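So the sequence shown is numbered by the numbering used here: it starts at 352 and just counts up by one. Cβ atoms here follow ideal geometry from the backbone N, Cα and C, with glycine treated the same way. Note that the coordinates shown come from a computational prediction; the quantities given were computed from them, not determined experimentally.
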Amino acid sequence: MALSPIIIFMPALYMMFSVVALTQFKVVYGLFARLALTRSSNPLWQQVQPQMRQLLTFCEAIFGQPATFTPNCTHVLLVALMLVLLVNLRR
352 MALSPIIIFM
362 PALYMMFSVV
372 ALTQFKVVYG
382 LFARLALTRS
392 SNPLWQQVQP
402 QMRQLLTFCE
412 AIFGQPATFT
422 PNCTHVLLVA
432 LMLVLLVNLR
442 R
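Below is the structure:
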């Protein structure tokens with residue numbers, strides 16, 4: 352029984368996908384922080400902004416400041432593991 356080349360490279364592919372996902376998360380987290388702290392004269396925005404600031408405070412307690420958030424090897428491996436579970440549970 353011959354192994355398919357894609358099966359051999361699958362762990363590396365999952366890690367590359369997790370790096371891309373973490374990079375996207377870092378960008379979205381930074382944009383969310385900037386959006387939550389921006390002042391606006393829009394009345395609808397003024398009603399939503401306190402909840403966004405509370406959510407930002409919660410996220411900062413978990414992930415740290417958005418400007419200094421850098422995913423490390425542990426983050427990459429954990430996201431790769433989550434991707435493996437999501438892909439295999441779908442089957």
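Residue span of the alpha helix (DSSP H) that contains residue i, given as start and end
| i | result |
| --- | --- |
| residue 425 | 424-441 |
Inter-residue CB distance, residue i and residue j (contact presumed, cutoff 8 Å)
| i | j | result |
| --- | --- | --- |
| residue 410 | residue 380 | 7 Å |
| residue 427 | residue 369 | 5 Å |
| residue 387 | residue 403 | 4 Å |
Contact set for residue i: own chain, Cβ-Cβ below 8 Å, skip 5 residues either direction
| i | result |
| --- | --- |
| residue 391 | 397, 400 |
| residue 372 | 430, 434 |
7 Å Cβ shell around residue i - same chain, five flanking residues per side excluded
| i | result |
| --- | --- |
| residue 360 | none |
| residue 417 | 380, 381, 384 |
Simplified DSSP state of residue i, which is helix, strand or coil
| i | result |
| --- | --- |
| residue 391 | coil |
| residue 381 | helix |
| residue 398 | helix |
| residue 421 | coil |
| residue 369 | helix |
| residue 354 | coil |
| residue 409 | helix |
Check: residue i C-beta below 7 Å from any heavy atom of the ligand SAM
| i | result |
| --- | --- |
| residue 397 | Although the ligand SAM was asked about, the structure shown includes no ligands whatsoever. |
Same chain, Cβ closer than 6 Å to residue i, neighbours up to 5 away in sequence not counted
| i | result |
| --- | --- |
| residue 407 | 384, 387 |
| residue 422 | 373 |
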